[in-house]
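The structure appears below as structure tokens.
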Amino acid sequence: VELQQLIDPADRDFHQATVANTITTLQPYDIECRVQRPDNTLAYMQAKGEAIVNAAGQVVQLVGTVLDITERKQAELQLQILSDRLALALQAGAIGTWDWDLVNEVRWDERMYEIYGLQDLGRVALYQDWIRLVYPDDVATVEAALQSAVRGEQDYRLEFRIRRSDGALRWIRAEAIVRRDEKGEALHMIGINYDITDGKQAEAKLLQTKTQLEASNHELEAFAYSVSHDLRAPLRAIDGFSKALLEDYGDRVDEEGKDYFDRIRRNVQRMGLLIDDLLRLSRVSRSEMQYTTVNLSALVQEQINDLQAAEPERVVQFTVAPGAIVAADLTLMRVVICNLLENAWKFTSHHSCACIEFGIIETEAELIYFIRDDGAGFDMSYVSKLFGVFQRLHGIDQFPGTGIGLATVQRAVHRHGGRVWAEAAIEQGATIYFTLPSQSLITGG
């Protein structure tokens, strides 16, 4: 009675019926039940029992044993969970499993037959059943890899082709481990196969596209230089003849005429700068990335030195965060730093004393680099135009430029997988931020 009370209510009727059946039929029982321990935890027991009868065949006693099997049941439950997870993973990944006895017999699961386009053979598969489906050119490689794995020389992991029973050529990825005895002798192999044909076709298409793109880039590069040369020739002629006219006939031209000639020459020079900037933008978009360790702080300082050497009379206070080391393309990073600092230098030129800062903001997700100035700034309602080609937020009579610099910066940053954005206020300066998310290595000096 005491045992009956300990049995979990969900199993109590089953236990009672089993005992009653033994009393009636004299058949021994062997069952598993859940029980509630005194501390209210759930346990499992294995109960075995049989009926003892007297000379008249009447049941006079029940005898048996009760064994605590909680640990075993918990282990079985965990094993079932793992088995279910594995089955789900294999199903989701369309992965087939196999087991080879290293002689001839190969056991396949249902997915293996689907991968190879076969009906279940209704018997244990043979090694020959499988190897005849391997593409002839790959057989030697596959068998060599199998034998190498059996000898323990390397893991079995390779890609090969098969010719399915329907004639389709498919790519297979195979991996396996070799089970060995205590002496290290190979006993059998267990492994997986999965169809990677779609991936291989995508790789081939990507390679073809890459090759075509590289060819197009070379053609565009040649075209850009050709156009550049063709454009520069008439510009040089216009500039040269304008200069010659002023030198040879300047005494015959009034001040208004001289001003017209000056305007012609200034616009010719601006056109030359525009061609240079367009070529630079083109290179940034198409150049091959060459990752290396780049010291942004050093690049900033180099550019500052160049700016100060060009206009030593200017008073500008610079602040440079030290030790900003990143993995990036040096050429593109130089373009970014040069353009941003030249902009900061240009837009603070109307201030008698200016401040320009290169800094770093460290967040949990990323490092944010910025160049800040206290110059002309701009109206944030126009910020969406800032990084567009030929977009200018100031008149050319206020600040010279082609409107291509920040577009070039954006493309260089985007090619690194980063972001670039700006904050500003009119006559309170501007800050350009950029990130190099997965490439930042070290910050701080």
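In full-length UniProt numbering, the protein residues as written are 1 to 445. In this text, a Cβ means the ideal position worked out from N, Cα and C, and glycines have one as well. Since we're looking at a predicted model, the values are computed, not measured.
Would the beta-carbon of residue i fall within 7 Å of that of residue j?
i: Leu436; j: Ala328; result: yes
i: Ile23; j: Ala47; result: no
i: Ala125; j: Val106; result: yes
i: Arg173; j: Ile162; result: no
i: Ile371; j: Phe387; result: no
i: Gly96; j: Arg85; result: no
i: Ala176; j: Leu158; result: no
i: Gln34; j: Asp13; result: Position check: residue 34 holds Arg in this sequence, whereas Gln was assumed. The answer is no: Cβ separation not under 7 Å.
i: Ser242; j: Arg266; result: no
i: Ile356; j: Val316; result: yes
i: Ile325; j: Asn295; result: yes
i: Gly375; j: Thr348; result: yes
i: Met82; j: Gln36; result: Reading off the sequence, residue 82 comes out as Leu, not Met. For Leu82 and Gln36, no; Cβs fall outside 7 Å.
i: Tyr113; j: Asp120; result: yes
i: Asp373; j: Ile426; result: no
i: Gly377; j: Ala310; result: no
Residue i to residue j, Cα distance in whole Å?
i: Asp68; j: Trp100; result: 38 Å
i: Lys73; j: Gln27; result: 26 Å
i: Gly444; j: Cys338; result: Per-residue confidence for Gly444 stands at a pLDDT of 46, beneath the threshold of 50, marking its modelled position as unreliable; no derived number is given.
i: Ile196; j: Glu203; result: 11 Å
i: Glu302; j: Val320; result: 11 Å
i: Glu366; j: Ser297; result: 18 Å
i: Asn104; j: Met189; result: 12 Å
i: Leu257; j: Tyr249; result: Residue identity differs from the one stated: residue 257 is Gly in this sequence, not Leu. The straight-line gap from Cα to Cα measures roughly 11 Å.
i: Gln212; j: His218; result: 10 Å
i: Ile186; j: Asp109; result: Contrary to the premise, residue 186 reads as Ala rather than Ile in this sequence. For Ala186 and Asp109, the distance between alpha carbons rounds to 22 Å.
i: Leu341; j: Ala233; result: 31 Å
i: Arg314; j: Asn305; result: 12 Å
i: Met271; j: Arg415; result: 27 Å
i: Arg263; j: Asp251; result: 18 Å
i: Tyr156; j: Lys210; result: 32 Å
i: Gln80; j: Pro322; result: 57 Å
i: Ile442; j: Glu71; result: Any reading at Ile442 must be qualified, since the residue scores a pLDDT of 47, below 50, and its modelled position is unreliable; no value is offered.
i: Gly199; j: Leu406; result: 38 Å
i: Glu247; j: Ala237; result: 15 Å
i: Ile432; j: Ala354; result: 17 Å
i: Ser216; j: Thr293; result: 30 Å
i: Glu364; j: Gly429; result: 27 Å
i: Asp259; j: Leu235; result: 19 Å
i: Leu207; j: Phe318; result: 47 Å
Quick one: residues in its chain with C-beta nearer than 8 Å to the C-beta of residue i, no 5 flanking neighbours on either side, listed in chain order?
i: Ser165; result: Tyr116, Gly117, Leu118, Leu133
i: Val59; result: Ile23, Leu26, Ala51, Ile52, Val53
i: Arg179; result: Ala186, Leu187, His188, Met189, Ile190
i: Gln4; result: Arg12, His15, Gln16
i: Gln269; result: Asp239
Terminal residues of the continuous beta strand (DSSP E) containing residue i?
i: Gly96; result: 95-100
i: Glu50; result: 42-53
i: Cys355; result: 354-362
i: Asn193; result: 186-195
i: Arg34; result: 29-36
i: residue 449; result: Because residue 449 is not part of the residues shown, which for the chain are 1 to 445, the question remains open.
i: Asp254; result: Run containing Asp254: none; DSSP gives neither H nor E here.
i: Val409; result: Run containing Val409: none in the beta strand (DSSP E); it sits in the alpha helix (DSSP H), 405-415.
Under DSSP, the alpha helix (DSSP H) around residue i begins and ends at which residues?
i: Gln303; result: 296-310
i: Ala140; result: 136-150
i: Gly429; result: Gly429 -> not in any alpha helix (DSSP H); beta strand (DSSP E) instead, spanning 429-435.
i: Phe14; result: 9-25
i: Arg132; result: Neither: Arg132 is in no alpha helix (DSSP H) and is coded neither H nor E.
Quick one: what's got a C-beta closer than 6 Å to residue i's C-beta in the same chain, skipping five residues either side?
i: Tyr369; result: Ile360, Phe434
i: Glu49; result: The sequence as given places Gly at residue 49; Glu does not occur at that position. Tyr29, Leu62, Gly64, listed in sequence order.
i: Thr18; result: Tyr29, Ile31
i: Arg419; result: Thr435
Please work out which residues of its chain come closer than 7 Å, Cβ to Cβ, to residue i, disregarding the five sequence neighbours upstream and downstream, and give them in chain order.
i: Asp138; result: Phe160, Arg161
i: Leu299; result: Met333, Arg334, Ile337
Can you tell me whether residue i sits near the ligand HEM, meaning its C-beta is under 6 Å from at least one heavy atom of the ligand?
i: Ser165; result: In terms of ligand content, the structure shown is empty, and the ligand HEM therefore cannot be addressed.
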